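*Asks:*
Chains as they are written, first to last, in our numbering: chain A, 362 to 457; chain B, 346 to 531.
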């Protein structure tokens with residue numbers, strides 16, 4: 362048998378066995394890929410990472426706000442103290 | 346139903362009797378004319394955050410923390426100008442009008458050559474519940490409003506001068522005088 366005959370035999374049209382279409386349809390209904398454990402774990406890890414990054418961002422933002430508020434409080438109270446003392450000093454000098 | 350109505354009326358009456366928080370208004374245009382300006386407003390939430398931040402800030406931090414512990418709000422507006430006549434005394438009228446309302450009293454006033462220093466207090470049950478300073482100089486204007494319980498002796502120690510204490514109505518006169526502690530300046 363020459364090569365041409367072998368190829369013709371190998372590639373000849375054949376009817377599928379009975380129930381082939383049903384089996385193909387059944388295979389397409391197999392559990393979706395995204396529901397496989399590895400995908401679920403990847404999703405969970407991604408969500409956890411996003412939550413951690415979000416919480417870290419919120420913490421950092423609050424830290425920056427607290428630092429700014431602390432600095433502002435110090436400046437505000439020192440200005441108030443200076444003006445209070447200057448006013449008292451003026452009155453004290455006027456009385457003396 | 347009648348009880349609820351009475352409760353609402355009593356609550357409304359109580360709220361109406363409380364002096365409103367001092368609002369520093371009428372100075373908004375001055376920042377653009379000033380060479381230096383400070384505009385700080387701290388509400389209770391920010392004061393709480395500031396207190397938490399200052400808790401680990403050494404003695405200076407703890408001094409400020411203890412001062413702000415009883416405060417509800419701090420507002421400071423301060424402007425330094427290169428030239429005189431950059432603001433008018435009338436600009437202060439909206440603030441002074443609020444300070445003339447019942448509850449507030451002027452405890453100290455000094456006027457000389459275009460300089461005005463006024464200190465106002467609101468006393469509630471013998472304690473300082475509000476405090477305001479107007480300090481107007483030819484090239485500088487500062488207005489401070491503090492809401493809440495503040496110890497003026499402790500506040501004074503944060504500044505750079507040691508001077509006699511203001512007698513606070515309802516407080517004993519034998520309080521220790523200022524030690525003149527010098528604080529770090531910003």
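Every residue gets a Cβ at the ideal spot worked out from N, C-alpha and C, and that includes glycine.
Values in this document were obtained by computation on a predicted structure and should not be read as measured data.
Classify residue 422 of chain A: buried if its beta carbon has 16 or more other beta carbons within 10 angstroms, exposed otherwise.
*Replies:* Classification of residue 422 of chain A: exposed, given that the 10 Å Cβ count is below 16.
*Asks:* The beta strand (DSSP E) spanning residue 482 of chain B covers which residue range?
*Replies:* Residue 482 of chain B -> beta strand (DSSP E) spans 472-482.
*Asks:* What residue range does the alpha helix (DSSP H) around residue 409 of chain A cover?
*Replies:* Start and end: 398-456.
*Asks:* Mind checking which residues open and close the alpha helix (DSSP H) that includes residue 502 of chain B?
*Replies:* From DSSP, the alpha helix (DSSP H) with residue 502 of chain B extends over 497-503.
*Asks:* Return the first residue and the last residue of the alpha helix (DSSP H) that residue 391 of chain B is part of.
*Replies:* Taken as a continuous stretch (DSSP letters only), the alpha helix (DSSP H) holding residue 391 of chain B covers 389-399.
*Asks:* In this structure, how does DSSP classify residue 382 of chain B when only helix, strand and coil are distinguished?
*Replies:* Strand at residue 382 of chain B.
*Asks:* Go ahead and label residue 389 of chain A buried or exposed: buried means 16 or more other beta carbons lie within 10 angstroms of its beta carbon, across all protein chains shown.
*Replies:* When all chains shown are included, residue 389 of chain A counts as exposed.
*Asks:* Give the secondary structure of residue 435 of chain B by DSSP, where H, G and I count as helix, E and B as strand, and everything else as coil.
*Replies:* Three-state DSSP puts residue 435 of chain B in a helix.
*Asks:* Quick check on residue 378 of chain B: buried or exposed, where buried means 16 or more other Cβ atoms within 10 Å of its Cβ?
*Replies:* Flag for residue 378 of chain B reads exposed.
*Asks:* Taking CB distances under 8 Å as the criterion, tell me whether residue 370 of chain B reaches chain A.
*Replies:* Taking Cβ atoms only, chain A never reaches closer than 8 Å to residue 370 of chain B, which makes this a no.
*Asks:* In chain order, what residues of the same chain have a beta carbon less than 8 Å from the beta carbon of residue 370 of chain B, not counting five sequence neighbours either side?
*Replies:* So the list reads 439 and 440, once near-sequence residues are dropped.
*Asks:* Assuming residue 487 of chain B and residue 444 of chain A are in contact, meaning their beta carbons sit under 8 Å apart, how far apart are those beta carbons, in whole angstroms?
*Replies:* 5 Å between Cβ atoms; contact.
*Asks:* If distances are taken between C-alpha atoms only, which option among B:449, B:434, B:454 and B:432 comes closest to residue 456 of chain A?
*Replies:* It is B:454 whose Cα lies nearest to the Cα of residue 456 of chain A.
*Asks:* When you compare only the Cα positions, how much space is there between residue 428 of chain B and residue 483 of chain B?
*Replies:* The straight-line gap from Cα to Cα measures roughly 8 Å.
*Asks:* Using beta-carbon positions only, say whether residue 481 of chain B and residue 464 of chain B come within less than 8 Å of one another.
*Replies:* No, these two residues do not count as a Cβ contact at 8 Å.
*Asks:* Residue 366 of chain B: which of B:373, B:436, B:456 and B:419 sits nearest, CA to CA?
*Replies:* The shortest C-alpha separation from residue 366 of chain B is found at B:419.
*Asks:* Report the CB separation of residue 444 of chain B from residue 438 of chain A in whole angstroms; it is logged as a contact under 8 Å.
*Replies:* Actually they are not in contact, since the Cβ atoms of residue 444 of chain B and residue 438 of chain A sit about 20 Å apart, beyond 8 Å.
*Asks:* Looking at residue 442 of chain A and residue 491 of chain B, is the spacing between their C-beta atoms short of 8 Å?
*Replies:* No, the Cβ-Cβ distance between residue 491 of chain B and residue 442 of chain A is not below 8 Å.
*Asks:* Would you mind sorting residue 408 of chain B into buried or exposed? The rule is 16 or more other CB atoms within 10 Å of its CB.
*Replies:* It is buried - the Cβ of residue 408 of chain B has at least 16 other Cβ atoms within 10 Å.
*Asks:* Looking at residue 372 of chain B: is its Cβ nearer than 8 Å to the Cβ of residue 431 of chain B?
*Replies:* No, they are not a contact pair.
*Asks:* Report back the beta-carbon spacing between residue 415 of chain B and residue 478 of chain B to the nearest angstrom; my notes put them in contact at under 8 Å.
*Replies:* Not confirmed; about 18 Å, so no contact.
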